[in-house]
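The sequence shown begins at 1 in full-length UniProt numbering and counts up one residue at a time. Think of the CB as a built atom: it goes at the ideal place given N, C-alpha and C, for glycine as much as any other residue. Remarks on the structure that follows.
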Amino acid sequence: MKLGRLTDGRTEFWALVDADETRVRRIRGSIREWAGPLATAWDTGVLDLGDSLPLDGLTILAPAEETAKVVCLGATYARHVTGLGIAPTPHPAGFWKPNDALVGAYDAIEYPAISTALDFEVEFVFVTAGPVDRSAPGAALLGFTIGNDTSLRDLQFGGSVTGMDMFSAKSQVRSTPLGPWIVTADEFGPGLPDLALTLTVNGEKRQSARTSDMSFSLDTLITWADERTPLRAGDVIFTGTPEGVGHEDGRYLAPGDLVEITIERLGAQRNRVGARTAAVTR
């Protein structure tokens, strides 16, 4: 099943999305109220559903509430790591992204004036249903979605005493598309699904890989994150990007560029890069 977060211009709400993506049914309550029961039963009967509504006229939001933790993992695809000139590691890297960095799958990507090197990163994203049982980490998943972990490379590699300034590179407001939908984990087998990921800029393919190219298992990624911060229903975990990012050849994003991402069985994103601006919107 597909789950989305939408607004009618007055209220924001979760919804169950019909298979043809033309109609939705409102889910009453916070994701923390219903994600756990849904991931236990995989039965829409546990949801408090409203009437069917046409999707047309609603705005698709990032599928994460404002209280969601946004955990980002890196160094998970070996060829990407070596392409950045970094030695592979025996475990993932990790960092936080502020919740207000997220935007919807069709929203503009803000380009802050403090940078001239805005980069793209297609990512497979986990969404959690509740606390992690370390004996069965995968059981904590509600489903999967699409992310674009945009990065300001000139700030990331701009001479920080620690080698990389991830805060400056990754924390910009309204810079990180997420969604459109959460596809629930029951539609996939156990473990890490083997799905094709593709990112294009103005129609040119820039990234193409498979989730099975990751260096770590699904259970390892969930456990590594949960050991460092307790995961709850509705938290999101970006799982890293494959090779092909702009930093590898210096071809960064420019205002007006169209970034399109497809992940097999999850859907697609379509985001235009906005003008460089010193002011951020909140």
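Rounded straight-line distance, which links the Cα of residue j to that of residue i
i, j, result
"I222", "L53", "35 Å"
"G246", "D119", "6 Å"
"L199", "A233", "28 Å"
"I31", "T184", "13 Å"
"Q207", "A19", "28 Å"
"I27", "A41", "16 Å"
"P56", "G158", "Note on identity: in this sequence residue 56 is Asp, with Pro being the wrong assignment. Whole-angstrom Cα-Cα distance: 44 Å."
"R153", "G256", "19 Å"
"V236", "P98", "11 Å"
"L47", "L38", "7 Å"
"K69", "V127", "10 Å"
"V103", "P180", "10 Å"
"E12", "T82", "42 Å"
"D249", "G29", "46 Å"
"R251", "D51", "47 Å"
"T277", "N202", "21 Å"
Residues that residue i bridges to, as DSSP identifies them
i, result
"P54", "R23"
"K205", "T200"
"S151", "D119"
"N271", "V259"
"K69", "Partner(s): none; K69 has no beta bridge."
"P112", "T277"
"F6", "The sequence shown places Leu at residue 6, rather than the Phe named in the question. In DSSP, L6 forms a bridge with F13 and I60."
"V236", "V70 and V127"
"P177", "V103"
Contact belief for residue i with residue j at Cβ below 8 Å, rounded distance in angstroms
i, j, result
"R265", "Y106", "With 8 Å as the limit, R265 and Y106 do not qualify as a contact, their Cβ atoms being about 19 Å apart."
"F144", "V125", "7 Å"
"R79", "P242", "7 Å"
"L58", "D8", "6 Å"
"A140", "S151", "That pair is no contact at about 27 Å."
"I182", "L142", "6 Å"
"T44", "L16", "6 Å"
Where residue i falls, given that 16 or more other Cβ within 10 Å makes a residue buried
i, result
"P177", "buried"
"S135", "exposed"
"L205", "Contrary to the premise, residue 205 reads as Lys rather than Leu in this sequence. K205 comes out exposed."
"R174", "buried"
"S88", "At residue 88 the sequence reads Pro, which differs from the Ser that was named. P88 should be labelled exposed."
"G85", "exposed"
"G163", "exposed"
"residue 331", "There is simply no residue 331 to check, as the chain begins at 1 and stops at 282 in what is shown."
"D194", "exposed"
Beta-carbon spacing of residue i, residue j below 8 Å
i, j, result
"A35", "G130", "yes"
"G4", "P63", "yes"
"T76", "P92", "yes"
"T211", "V71", "no"
"R25", "L49", "yes"
"E110", "Q156", "no"
"I146", "I261", "yes"
"T220", "L73", "no"
"R272", "L253", "no"
"N148", "E187", "no"
"L197", "I114", "no"
"T166", "F95", "In the sequence on display, residue 166 carries Met and not Thr. Yes, the Cβ-Cβ distance between M166 and F95 is below 8 Å."
"A108", "G274", "yes"
"L231", "M214", "no"
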